[in-house]
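Written below as structure tokens is the structure these notes are about.
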Amino acid sequence: MDYHKPSTFEEAVAIAAGAAGTTRFLAGGTDILVQMRSGIATPEVLIDIKGIAGTRDIVREDDGGWCIGVAVTGAELTEHAEIGHDWPGVIEAVGLIGSTQVQGRATPVGNLCNASPAADSVPALVAAGAEVTVQGPEGTRRVPVEDIPTGPGRTSLKKGEVVTALRLPPRGRGGGDAYQRFIPRTEMDIAVIGCGVSLRVSGLVITEARMALGAVAPTVEPVRGAADALVGTRLEKSALDALADLAQAACNPIDDKRGTVKFRTHLAGVYARRVARIAYERARAAQ
Amino acid sequence: MTKIHVTARINGDEVEFLCDPRETMLDVLRDRLGLIGAKEGCGTGDCGACSITLDGRLVCSCLMLGVEAEGREIGTVEGIAEGENLHPLQRKFIEHAALQCGFCTPGILVAAKNLLERNPDPSEEEVRYWLAGNLCRCTGYDKIIRAVLDAAAEMREAS
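Chain order of the listed sequences is A and B.
The letter at position 74 of the first sequence is residue 443 when you use the numbering used here, and the numbering goes up by one with no holes.
The letter at position 72 of the second sequence is residue 86 when you use the numbering used here, and the numbering goes up by one with no holes.
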């Protein structure tokens with residue numbers, strides 16, 4: 370295996386585009402090293418992107434949004450003084466991934482590119498309307514987070530393409546988000562179901578709504594009807610019922626040791642209600 | 015396979031080594047540098063027995079490549095005591111019998127020391143969450159938690 374540590378993304382793209390065998394990018398390494406050890410992945414070219422300037426930075430952009438470097442770890446995001454004020458749901462989702470040790474290395478962009486349907490940070494990022502910047506041999510493009518994973522362990526990134534930054538939109542007034550997952554213990558587990566909700570309110574009335582579910586389909590599932598169910602409501606019981614029905618209808622889960630199809634579908638409704646209530650309270654408090 | 019030359023600081027000392035790019039930091043510590051305090055429990059980042067610090071940040075050395083240590087500051091359990099003088103955490107682990115087989119202990123000491131450097135007065139809940147990635151199959155954890163809280167109290171009095 371060839372190990373490269375380029376100092377620019379142009380160099381990283383050139384190495385990846387010209388590589389003959391299996392190529393992987395290395396940020397926190399908490400997935401790829403496990404895959405290498407178990408033989409699931411045997412990269413011939415490993416490109417460590419941590420030497421590229423800006424990959425460790427969390428920057429507030431001119432429009433009030435956030436640009437998060439691809440090597441920024443969960444611990445660095447959780448400890449940041451301001452970003453959790455804007456996007457508490459994204460930060461609580463990132464903070465649920467693994468142990469203290471894993472938080473010290475793992476990155477949300479790695480969580481996204483590992484393309485697990487149960488990735489904790491992804492439903493929260495989708496609900497937030499996050500995008501990534503992707504650079505490749507043919508230039509740079511911005512991609513909504515939900516368009517990166519295409520199936521378990523698979524992404525839409527083409528040969529030579531690398532994610533160069535994660536972008537959260539400006540939060541603005543009256544915005545609130547939340548993420549929760551179900552696991553049968555309190556720590557160190559993989560989501561049986563995860564739910565992210567982001568809302569905006571004006572007074573008591575919801576004006577924008579996005580929701581995404583994790584671990585209920587081959588990829589994180591954006592529940593596109595959430596806005597129809599919630600916008601114009603005050604999150605009354607009827608609105609919550611409609612949201613829960615949508616969440617359950619969006620489920621296409623598997624039966625496995627963590628939960629049956631029936632249980633996961635049931636939980637999707639429970640968590641849609643629960644997480645929407647938290648996001649609503651946060652949005653009301655942020656006016 | 016070409017080996018890569020790496021220079022790092024380990025427990026304050028400059029160290030140079032050659033390693034294969036696939037080698038984990040845990041393998042480098044144990045097999046190349048003779049620092050066998052960090053243990054391989056699972057090798058997949060689940061058990062915390064291989065915990066070290068990387069530029070002051072707690073990480074699993076099994077989830078890090080040796081080549082990634084270039085120019086970085088590593089801390090292992092071997093750097094915790096000052097000569098013959100045990101660190102308060104080490105003394106309290108003995109006093110509270112917070113270990114039986116001892117396999118998880120180096121990782122827990124590194125993790126607990128890192129916690130107390132950040133938060134000298136953690137609650138029991140904070141200690142339990144911080145150490146959730148350090149598995150112990152002997153003690154049932156209670157003695158470990160008590161030892162950490164007692165060491166924290168002693169260190170606060172001494173400072």
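For every residue, glycine included, the Cβ atom is placed at its ideal position computed from N, Cα and C.
At the C-beta level, G458(A) and A385(A) stay beyond 8 Å of one another. Here E96(B) is exposed, its C-beta having fewer than 16 other C-beta atoms within 10 Å.
Judged by their CB atoms, A22(B) and S65(B) are not nearer to each other than the 8 Å cut-off. Below the 9 Å Cβ cutoff, chain A contributes no neighbours of P134(B), its closest Cβ being approximately 17 Å away. Separation of R603(A) and A616(A) (C-alpha to C-alpha, rounded to the nearest whole angstrom) is 19 Å. Chain order gives no chain A residues near V141(B), where near means a beta carbon separation below 7 Å; the closest approach is about 11 Å. Residues of the stretch 400-415 of chain A whose Cβ lies closer than 8 Å to any Cβ of chain B, in chain order: L402, V403, M405, R406, S407 and L415. The contact set of I18(B) on chain A, defined by CB atoms closer than 7 Å, consists of Y372 in chain order. Assigned with DSSP and collapsed to three states, S468(A) falls in coil, not helix or strand. By the Cβ rule, the stretch 449-463 of chain A does not count as touching the stretch 412-422 of chain A, because fewer than three pairs are nearer than 8 Å. Residues of the same chain with a CB within less than 6 Å of the CB of V570(A), apart from the 5 flanking positions on each side, are G543, A652 and R653 in chain order. Taking every protein chain shown into account, the CB of G601(A) has fewer than 16 other CB atoms within 10 angstroms, so this residue is exposed. Residue environment analysis places P518(A) among the buried positions, since at least 16 neighbouring C-beta atoms fall within 10 angstroms of its C-beta.
At a cut-off of 8 Å between beta carbons, T153(B) makes no contact with chain A.
Neighbours of A63(B) across chain A, judged by C-beta separation under 8 Å, do not exist; the nearest C-beta is about 10 Å away.
Bounds of any alpha helix (DSSP H) do not take in V501(A); it lies within the beta strand (DSSP E) bounded by E500 to G505.
Listed along chain B, the residues sitting closer than 8 Å to A444(A) by beta-carbon distance are R71. Under a criterion of Cβ atoms nearer than 7 Å, no residue of chain B is adjacent to V463(A); the nearest Cβ is some 15 Å distant. C115(B) is classed as exposed because its beta carbon has fewer than 16 other beta carbons within 10 Å across all chains shown. Among the residues of chain B, those whose CB is under 7 Å from the CB of E556(A) are Y143 and A146, following chain order. Of all residues in the stretch 469-493 of chain A, the ones placed with a Cβ closer than 7 Å to any Cβ belonging to chain B are T469, Q470, V471, G473 and R474, in chain order. Under the three-state reduction of DSSP, H454(A) is assigned to helix.
Sixteen is the threshold: when 16 or more other Cβ atoms of the shown chains lie within 10 Å of the Cβ of T533(A), as they do, the residue is buried. Its Cα nearest to that of R642(A), the residue C564(A) stands out among G434(A), E577(A) and C564(A). When the Cα atoms are used, A475(A) and T442(A) turn out to be separated by approximately 5 Å. Look at V91(B) here: in three-state DSSP terms it is helix. The residues A484, S485, P486 and P587, in chain order, have a CB closer than 7 Å to that of P521(A) in the same chain once the five nearest residues on each side in sequence are set aside.
For G467(A), the closest Cβ of chain B is nearer than 8 Å. Close to G387(A), with beta-carbon spacing below 7 Å, lies no residue of chain B; the smallest spacing is near 18 Å. Going by beta carbons, G434(A) and L537(A) fall inside the 8 Å limit. By the neighbour-count criterion, in which a residue is buried when 16 or more other Cβ atoms sit within 10 angstroms of its Cβ, Q549(A) is buried. For V162(B), no CB of chain A lies under 8 Å from its own CB, so it is not counted at the interface with that chain. Listed in chain order, the non-local C-beta contacts of A596(A) below 6 Å within the same chain comprise A578, local neighbours out to five positions each way being set aside. Residue-level contact by beta carbon holds for P35(B) and chain A, with a gap shorter than 8 Å. Nearest neighbour of I427(A) by Cα position, chosen from E445(A), I418(A) and T411(A), turns out to be E445(A). Distance from the CA atom of V162(B) to the CA atom of V531(A), rounded to whole angstroms, is 43 Å.
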